[in-house]
Amino acid sequence: MFAWMRAHGEGIGAGLIFFILALLFHWHSVLHPLTSVGSMTDELLLSWTLDWNADYFAHPEGSLFDTPFFAPFPRTLAYTEHVVGLSLIAWPVTRLSDTPLLSYNLLLILSTWLTGWCAWLLTRGLGAGWKGAVIAGIIAALAPTRLLHAPGHVNILSQWWIPLSLYFLHRYLRTHDRRILLFIGASVLGQGLVSPQGFALQLVALAVVCGAFWCAQKEQRKRIFSVIAAVGLALILVSPLLIPYAQTMNDPSVVRPPALRLLHAPSLSEILLPQWAMPFSQLERNVGAGVIPLLLIVCALFTLRRKRDAEENPDARTVTPYLLLALTGILLALGPAMTLVRDGPSLPGLYAALEYLPGFAAIRAVGRFSLLSLLGLAVIVGLRWRSLTAWAGRRAPILQAALCALLLAEFTVTAPRAYSLDPTLLAARPVDEWLKRIPRECLLAEVPFKDFRTTAGVEESARFLYYTRYHGLRIVNGYAGAAPQGYFDLERQLVVGPADRALDGLRRWGADVLVVHPSLFTPLRGQATLAHLRSRADVEEITRFPDSFVFRFRGEGVHDCARAAPAGV
10 MFAWMRAHGE GIGAGLIFFI LALLFHWHSV LHPLTSVGSM TDELLLSWTL DWNADYFAHP
70 EGSLFDTPFF APFPRTLAYT EHVVGLSLIA WPVTRLSDTP LLSYNLLLIL STWLTGWCAW
130 LLTRGLGAGW KGAVIAGIIA ALAPTRLLHA PGHVNILSQW WIPLSLYFLH RYLRTHDRRI
190 LLFIGASVLG QGLVSPQGFA LQLVALAVVC GAFWCAQKEQ RKRIFSVIAA VGLALILVSP
250 LLIPYAQTMN DPSVVRPPAL RLLHAPSLSE ILLPQWAMPF SQLERNVGAG VIPLLLIVCA
310 LFTLRRKRDA EENPDARTVT PYLLLALTGI LLALGPAMTL VRDGPSLPGL YAALEYLPGF
370 AAIRAVGRFS LLSLLGLAVI VGLRWRSLTA WAGRRAPILQ AALCALLLAE FTVTAPRAYS
430 LDPTLLAARP VDEWLKRIPR ECLLAEVPFK DFRTTAGVEE SARFLYYTRY HGLRIVNGYA
490 GAAPQGYFDL ERQLVVGPAD RALDGLRRWG ADVLVVHPSL FTPLRGQATL AHLRSRADVE
550 EITRFPDSFV FRFRGEGVHD CARAAPAGV
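When we follow this note's numbering, the leftmost residue of the sequence shown carries the number 10, and every step to the right adds one.
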């Protein structure tokens, strides 16, 4: 055991460094794992999904993708990320604690730790020094391009399989050991189990690096065919989780227009802007790596101009595939119409030529392709780290320490801030106990629908979705990257439209039970909604609670959802 630790000491040391950094950068999740949140929307959705998957693993009935939200439509889990791989990792914690938010926070720490460690492994395997590989891992794991997704996007953060698959790719092409193909396939399968978006990014990364070797080293072409076969086998194995997404993308009853993806395409100037110059609300366009990383990459590329240096250092020649990866990520992130500044003149982009390829539609915001450029830039800086500081001579270690400190300081300043959530906001409500006793076939709607993308005010749709873990009913409400046709119009009508049209829309949707929360409306709107419901002949008030009123629709074809023991006030 001790011999193994000595042989792998530098890898263990690097892993320990990134583990400590993950704890420090997610300190709020460490200190408040049960209540720490960065977002009351996506974070609740992902936490609920972890809980849904954990229940399904324990009791696999029906289809994993037929979730209770956006009922009665099928395959609604395909409106968001399935995160099956993350759910498997967190399954013991989710089941034992019955607190999916705890699982989310643990996965947040794990994702940053493993992303940095695997980026270190890739860069070190390419010939970088130990320190250079650490710098590469720091940039890949902690740069704002990635870390700003911490509030609610642990699926986007969990892409450690991408550098790991590239590490095995390089090792296979160098050693020709066919057993490594199993590890390539396993890392592709691992990413496919985590996130369809990450899976698409991984395939692009592998295609770019393999393409670079295909063009530069003809003797590697047969081996690249073997890599393609290994990736293809992994694709077949993960296809049961991908097919529902393909069906959803081709379903005309699902609304997620391409404009939603392209809305977040950054301009070139936004890629170069420091994060403090961009509002957090523009997260998907806030894709710059940071000031210090950009300065480092410019200096690293400048060192490649020295012909002698390129000839004497093998790592200088290894830069090419990752320079291509960085450029590809930037060009794809700019979208189909590349602009220098927001709303400025545009040029046709690389994305326009590739967006109809299978998998590209899985990327919910094209700015996320910048994660590939971040990895490419991190590897290049790591490979050129010695050359960057060689001019300092004996003072090189001091310069390296100063640059590392500046990197960490910038990333600390730009890191998102979490806060402690009032635990009562996510606790079971009195109405949930009542809802748990009504027939399972009843379809529930909680009003008002509030989604920050369509209505002003506090987000409620994600919370209503989260509460289904207590009562288990199917619910009209939902929160995801897509929605059934007409859902967003129904949201607007319930908040600002005529009450009769909104309620007629809910009845046509198939809702049987309405839970009305007057305090979540404006005062006048809340009272008007209650008065309208009580005046309708086809609506009956069943019970009430301190903060909510329960109604049901009456009439032919409507379920009898009043067969529950009285439990109101």
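Quick reminder that beta carbons are idealized off the backbone N, C-alpha and C, glycines included.
- Assigned with DSSP and collapsed to three states, Arg104 falls in helix.
- In this structure, the alpha-carbon of Val390 lies about 21 Å from that of Glu279.
- Excluding its 5 nearest sequence neighbours in each direction, Gly344 has C-beta neighbours in its own chain below 6 Å: Leu271, Ala274, Gly358, Tyr360 and Val375, listed in chain order.
- Rounded to the nearest angstrom, the gap between the Cα atoms of Ala427 and Val46 is 5 Å.
- Fewer than three beta-carbon pairs drawn from the region 88 to 95 and the region 141 to 157 are found closer than 8 Å, and the two stretches are therefore not classed as touching.
- Sequence-distant partners of Leu539 (beyond 5 residues in either direction) whose C-beta falls short of 7 Å from its own C-beta, in its chain, are Val525, Pro527 and Phe558.
- Here Ser112 has Leu59, Ala99, Val102 and Thr103 as same chain residues with Cβ atoms under 6 Å from its own Cβ, once five neighbours each way along the sequence are excluded.
- Pairing Phe27 with Trp170 gives a Cβ-Cβ distance that is not under 8 Å.
- Note that the C-beta distance between Gly299 and Glu419 is below 8 Å.
- In the three-state DSSP reduction, Pro172 falls in the helix class (H, G or I).
- Two segments are said to touch when three or more pairs of C-beta atoms, one from each, lie closer than 8 Å; by this definition the region 482 to 492 touches the region 75 to 86.
- Within the region 56 to 113, no beta strand (DSSP E) run of at least 3 residues lies entirely inside it.
- Per DSSP, the unbroken alpha helix (DSSP H) holding Glu419 starts and ends at Ala405 to Thr423.
- Ala221 and Thr329 do touch by the CB rule: their CB atoms are close to 6 Å apart, below 8 Å.
- Taking a contact to require three or more Cβ pairs closer than 8 Å, the region 154 to 162 and the region 172 to 180 do not qualify as touching.
- For Ala149 and Ser379, the gap between their C-alpha atoms comes out near 11 Å.
- Each residue's CA atom was taken as its position, placing Ser120 and Ser56 some 15 Å apart.
- Look at Tyr488 here: in three-state DSSP terms it is coil, with no helix or strand label.
- Within its own chain, the residues whose Cβ lies closer than 8 Å to the Cβ of Glu90, once the five positions on either side in sequence are excluded, are Leu55, Thr58, Asn164, Ser204, Pro205 and Gln206, listed in chain order.
- Collapsing the DSSP output to three states places Tyr476 in a helix.
- Residue Leu341 holds the alpha-carbon nearest to the alpha-carbon of Ala362 among Leu341, Pro354, Leu512 and Val350.
- No residue range can be given for Ser276, since it is assigned to no beta strand (DSSP E) and is classified by DSSP as neither H nor E.
- The shortest C-alpha to C-alpha distance from Cys308 to any of Val236, Arg265, Leu392 and Arg377 is the one to Leu392.
- For Met347, the uninterrupted beta strand (DSSP E) run begins and ends at Ala346 to Thr348, by DSSP.
- Within the DSSP secondary-structure output, Glu550 pairs in a beta bridge with Phe560.
- Per DSSP, Ser396 lies in no beta strand (DSSP E) segment; the continuous alpha helix (DSSP H) that holds it begins and ends at Trp394 to Thr398.
- Contact check for Leu191 and Leu117: beta-carbon distance about 30 Å, past the 8 Å limit, so the pair fails to qualify.
- His41 and Ser429 do touch by the CB rule: their CB atoms are close to 5 Å apart, below 8 Å.
- Excluding five sequence positions before and after Gln494, the CB atoms of its chain that fall closer than 8 Å to its own CB belong to Pro261, Ser262, Val263 and Val264, given in chain order.
- Under DSSP, Val525 shares a beta bridge with Val456 and Phe558.
- For the 8 Å CB-CB criterion, Ala255 and Val197 do not form a contact.
- Secondary structure of Tyr365 (DSSP, three-state): coil.
- If you look at Ser355, you'll find it in the beta strand (DSSP E) that goes Ser355 to Pro357.
- Annotation: the continuous alpha helix (DSSP H) that includes Arg543 extends over Pro532 to Ser544.
- Within the region 174 to 234, the alpha helix (DSSP H) runs of at least 4 residues that lie entirely inside it are, in chain order, 189 to 203 and 205 to 225.
- The residue from Leu512, Arg438 and Leu251 with its alpha-carbon nearest to that of Tyr496 is Leu512.
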